[in-house]
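Q: Respectively, the protein sequence lines represent chains P and F. Count the first sequence with this note's numbering and you get residues 1 to 116, in order. Count the second sequence with this note's numbering and you get residues 117 to 228, in order. Got a structure for you, questions after.
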Amino acid sequence: DAMVIQNPRYQVTQFGKPVTLSCSQTLNHNVMYWYQQKSSQAPKLLFHYYDKDFNNEADTPDNFQSRRPNTSFCFLDIRSPGLGDAAMYLCATSAKTGGVAKNIQYFGAGTRLSVL
Amino acid sequence: QKEVEQNSGPLSVPEGAIASLNCTYSDRGSQSFFWYRQYSGKSPELIMFIYSNGDKEDGRFTAQLNKASQYVSLLIRDSQPSDSATYLCAVNKEAGGFKTIFGAGTRLFVKA
Chain P
1 DAMVIQNPRY QVTQFGKPVT LSCSQTLNHN VMYWYQQKSS QAPKLLFHYY DKDFNNEADT
61 PDNFQSRRPN TSFCFLDIRS PGLGDAAMYL CATSAKTGGV AKNIQYFGAG TRLSVL
Chain F
117 QKEVEQNSGP LSVPEGAIAS LNCTYSDRGS QSFFWYRQYS GKSPELIMFI YSNGDKEDGR
177 FTAQLNKASQ YVSLLIRDSQ PSDSATYLCA VNKEAGGFKT IFGAGTRLFV KA
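What follows is the structure, encoded as structure tokens:
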């Protein structure tokens with residue numbers, strides 16, 4: 001089945017120790033997103049890629065970086081995690097098919113990050 | 117004012133009843149509207165999307181959109197305990213754009 005896969009499902013890191021979260025997709029979608037979701041809060045868009053074009057949200061901290069080496073994979077790098085970065089990180093994809101983008105997003109299962 | 121507002125709940129309904137979930141948005145130019153269901157500890161799952169004013173039905177779910185009032189709702193008929201989850205309203209602000217703003221969600225509890 002075509003899907004969005006996130007690894008790992010759970011990640012524990014130490015304060016200040018860099019961490020990388022990964023996302024892969026078999027949907028062949030040209031748009032990939034990273035969201036941060038804290039408990040009882042809305043998912044917050046960090047950035048998205050439209051093909052290779054990277055779009056950073058204005059309020060995304062510099063501590064968060066992303067790479068998309070090809071259509072299928074996208075990575076979220078947190079350079080120096082702080083306690084406030086503990087959250088669920090969600091990867092999503094959508095297809096830009098021309099005209100008005102429906103922007104229906106398909107989410108991976110998420111990676112829950114703990115910072116000690 | 118938040119861009120997408122939802123009552124956090126919990127909304128409690130008995131099994132078999134109609135659950136009504138509401139959402140308002142601030143950007144009058146918003147184009148696309150989505151309802152996602154999120155079980156505790158899981159990722160969001162698309163339930164419905166709607167672009168035009170009026171009602172859209174899919175099985176037990178009906179989405180309603182009123183752009184003049186900047187209001188979108190989700191009705192769940194014959195509610196089941198398995199419908200107990202958080203329902204996220206999401207709004208796409210621009211035609212052809214990718215930025216989707218999510219509400220914080222309404223927790224629904226269906227009592228057996």
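The beta-carbon is built from N, C-alpha and C at its ideal position, and this holds for glycine as well.
Please classify P/Y35 as buried or exposed, where buried requires at least 16 other C-beta atoms within 10 Å of its C-beta.
A: When all chains shown are included, P/Y35 counts as buried.
Q: Can you give me the Cβ contacts of P/Y50 inside the same chain, cut-off strictly under 7 Å, excluding the 5 residues immediately before and after it?
A: N30, V31, K96.
Q: Since F/K215 meets chain P, which of its residues come closer than 9 Å, beta carbon to beta carbon?
A: Near F/K215 (Cβ distances below 9 Å), the residues of chain P are L45, H48, N55, E57, N103.
Q: State the Cα-Cα distance for the pair P/G82 and P/A42, rounded to the nearest angstrom.
A: Going by the C-alpha atoms only, they are around 20 Å apart.
Q: What would DSSP say about P/L83, mapped onto helix, strand or coil?
A: Here P/L83 sits in helix by DSSP.
Q: Quick check: the Cα distance between F/L137 and F/K118, rounded to an integer number of angstroms?
A: If you take the alpha carbons of F/L137 and F/K118, they lie about 17 Å apart.
Q: I want to know whether the stretch 66-83 of chain P touches the stretch 14-21 of chain P - three or more CB-CB distances under 8 Å.
A: As far as the Cβ criterion goes, the stretch 66-83 of chain P touches the stretch 14-21 of chain P, which means the pair count is three or higher.
Q: Taking Cβ positions only, does P/K96 come closer than 9 Å to chain F?
A: Yes, contact with chain F.
Q: Look at P/F64 and P/L45 and say whether their C-beta atoms are less than 9 Å apart.
A: In this structure, P/L45 does not lie closer than 9 Å to P/F64 by Cβ.
Q: So, at 7 Å on beta carbons, what are the nonlocal neighbours of F/P130 in its own chain, with the 5 sequence-adjacent residues on each side left out?
A: If we look at F/P130 and ignore the five residues flanking it on each side, its Cβ neighbours are K227.
Q: If I follow the unbroken beta strand (DSSP E) through P/S66, where does it start and stop?
A: Start and end: 64-67.
Q: Would P/L116 pass as a contact of P/L76 if the rule is Cβ separation under 9 Å?
A: No, Cβ-Cβ distance for P/L116 and P/L76 is not below 9 Å.
Q: Indicate the three-state DSSP secondary structure (helix, strand or coil) for F/S168 in the structure shown.
A: DSSP places F/S168 in coil when its eight states are reduced to three.
Q: Which of the residues in the stretch 178-198 of chain F, read from start to end, lie with their CB under 7 Å from any CB of chain P?
A: Per Cβ criterion, the list is empty.
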